[in-house]
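Chains as they are written, first to last, in this note's numbering: chain P, 325 to 431; chain Z, 325 to 431. Virtual Cβ for every residue (Gly too), placed ideally from N, Cα, C. Have a look at the structure below, then the notes.
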DNA sequence: TTTTAGTACCTTGCAATGAACAGTACTGTG
DNA sequence: CACAGTACTGTTCATTGCAAGGTACTAAAA
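Now the structure itself:
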């Protein structure tokens, strides 16, 4: 899986998953890994940065399956940011896919 | 336009456009800029790298509209690389879009 | 009790690449 | 000649995912 493609997208993936419900870090890693190959070591610094920037808040919650979990919760600012990032992603991929189409059909 | 999304994709864009016909650098910049916002300063080092790696060959051609143009031509190796990169892109964006869908519909 | 395995979180140095900037060179036109 | 448009080049920097290497908690097995 091309590392460079992934840049900038992890952020979007995390935001998407948190839009609907709070999740803990390991869970985010697992959900994302279902679809794209990522490194766990990447996600935590990212979560910390986005929290620091005000997009998430965090809280601890005891778990019956292991150690306490640190949950991440999207803020209003985070939700707003997510929506603009999602738009950018769609605009961007449409542009690339358009180019792919043009490349294929000539001009 | 999110800079990080673009990483790794410029390569694909250039390869796509050259798959069907030889093009010169400035033309590539223009065609890509039609769809996504890029910096000219980025493309030439990329073209040089991909040429060095054997994916393109180059030739000069006089132009009636300005200075001579340096054309880029995809090699067989380049074509092969393009096809695998295209597959990766599609796999990757499918994965991300799947996550976006899941994020939206919950789990 | 200690060890192990699974769960869950954290840190650091590095590689890669797009942007921004600052040029150079060619050609035709005014 | 100067200018504008065409076309190409080089360098430094910021950003972020990877890989590697941990730490800590809990329950179950030895």
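(request) Determine the contact status of residue 397/P and residue 381/P, defining contact as a CB-CB distance below 8 Å. (result) Sequence index remark: in the first chain, residue 397/P carries index 73 (1-based). Sequence index remark: in the first chain, residue 381/P carries index 57 (1-based). In contact: residue 397/P and residue 381/P (Cβ atoms closer than 8 Å).
(request) Could you tell me whether the Cβ atoms of residue 329/P and residue 412/Z are closer together than 8 Å? (result) Your numbering for residue 329/P matches position 5 in the first chain. Your numbering for residue 412/Z matches position 88 in the second chain. Going by C-beta atoms, residue 329/P is nearer than 8 Å to residue 412/Z.
(request) Could you tell me whether the Cβ atoms of residue 343/Z and residue 395/Z are closer together than 8 Å? (result) What you label residue 343/Z is simply residue 19 of the second chain in a count that begins at 1. What you label residue 395/Z is simply residue 71 of the second chain in a count that begins at 1. Contact: no.
(request) Assuming residue 335/Z and residue 409/Z form a contact by the criterion Cβ under 8 Å, report the distance between their Cβ atoms to the nearest whole angstrom. (result) In the second chain, counting from the first residue as 1, residue 335/Z sits at position 11. In the second chain, counting from the first residue as 1, residue 409/Z sits at position 85. Indeed, because the Cβ distance is near 7 Å, the residues count as touching under 8 Å.
(message) Does residue 390/P pass the burial test, meaning 16 or more other C-beta atoms within 10 Å, or should it be called exposed?
(response) In the first chain, the residue the question calls residue 390/P occupies position 66. With fewer than 16 other Cβ atoms within 10 Å, it is exposed.
(message) I'd like to know whether the C-beta of residue 331/Z is nearer than 8 Å to at least one C-beta of chain P.
(response) One-based indexing of the second chain puts residue 331/Z at position 7. Closer than 8 Å: yes.
(request) Using the Cα positions of residue 423/P and residue 340/Z, report the straight-line distance between them to the nearest angstrom. (result) In the first chain, the residue the question calls residue 423/P occupies position 99. In the second chain, the residue the question calls residue 340/Z occupies position 16. Residue 423/P and residue 340/Z: Cα-Cα distance of roughly 7 Å.
(message) For a quick check, are the C-beta atoms of residue 420/Z and residue 333/P less than 8 Å apart?
(response) Walking along the second chain from the start, residue 420/Z turns up at place 96. Walking along the first chain from the start, residue 333/P turns up at place 9. For residue 420/Z and residue 333/P, yes; Cβs fall inside 8 Å.
(message) Suppose the cutoff is 8 Å on Cβ atoms and the five residues either side in sequence are ignored; what does the same chain contact list for residue 347/Z look like?
(response) Mapped onto the second chain, residue 347/Z falls at position 23. Only 341, 355, 395 and 396 meet the Cβ criterion.
(request) Using only alpha-carbon positions, find the residue among 325/P, 337/P and 345/P that is nearest to residue 399/P. (result) Residue 399/P sits at position 75 when you count from the first residue of the first chain. The option with the nearest alpha carbon to residue 399/P is 345/P.
(request) Hey, could you find the ends of the alpha helix (DSSP H) residue 344/Z is sitting in? (result) Taking the first residue of the second chain as 1, we reach residue 344/Z at position 20. That run of the alpha helix (DSSP H) goes 333-344.
(message) Considering only the alpha carbon of each residue, which of 366/P, 378/P and 385/P lies closest to residue 298/P?
(response) Nothing can be reported for residue 298/P, as the shown portion of chain P is limited to 325 through 431.
(message) By the three-class DSSP mapping on this structure, what secondary structure does residue 388/P have?
(response) By one-based count along the first chain, residue 388/P stands at place 64. It is coil, neither helix nor strand.
(message) Below 8 Å on the Cβ atoms is my contact criterion, and I expect residue 349/P with residue 371/P to pass it. Report the Cβ-Cβ distance as a whole number of Å.
(response) As a position in the first chain, residue 349/P is number 25, starting the count at 1. As a position in the first chain, residue 371/P is number 47, starting the count at 1. Right, their Cβ atoms sit about 6 Å apart.
(request) Just tell me which of 366/P, 360/P, 383/P and 376/P has its CA closest to the CA of residue 325/P. (result) For the purposes of this step, residue 325/P is identified with residue 1 of the first chain, where counting begins at 1. Minimum Cα distance to residue 325/P is reached at 360/P.
(message) Considering only DSSP beta bridges, list what residue 393/P is partnered with.
(response) Taking the first chain and counting its residues from 1, the one referred to as residue 393/P is at position 69. According to DSSP, residue 393/P bridges with 385/P.
(request) Starting from residue 377/Z, follow the alpha helix (DSSP H) in both directions and report where the run begins and ends. (result) Working through the second chain from its first residue, we reach residue 377/Z at position 53. No alpha helix (DSSP H) holds residue 377/Z; DSSP gives it neither H nor E.
(request) Would you decide whether residue 384/Z is buried or exposed? Buried here means 16 or more other CB atoms lie within 10 Å of its CB. (result) Counting from 1 along the second chain, the entry for residue 384/Z is found at position 60. Classification of residue 384/Z: exposed, given that the 10 Å Cβ count is below 16.
(request) Following the continuous alpha helix (DSSP H) through residue 359/Z, name the residue where it begins and the one where it ends. (result) Translated into the one-based positions of the second chain, residue 359/Z becomes position 35. Run containing residue 359/Z: none; DSSP gives neither H nor E here.
(message) Rounded to the nearest angstrom, what separates residue 418/Z and residue 376/Z at their Cα positions?
(response) Your numbering for residue 418/Z matches position 94 in the second chain. Your numbering for residue 376/Z matches position 52 in the second chain. Using only the alpha carbons, I get a separation of about 31 Å.
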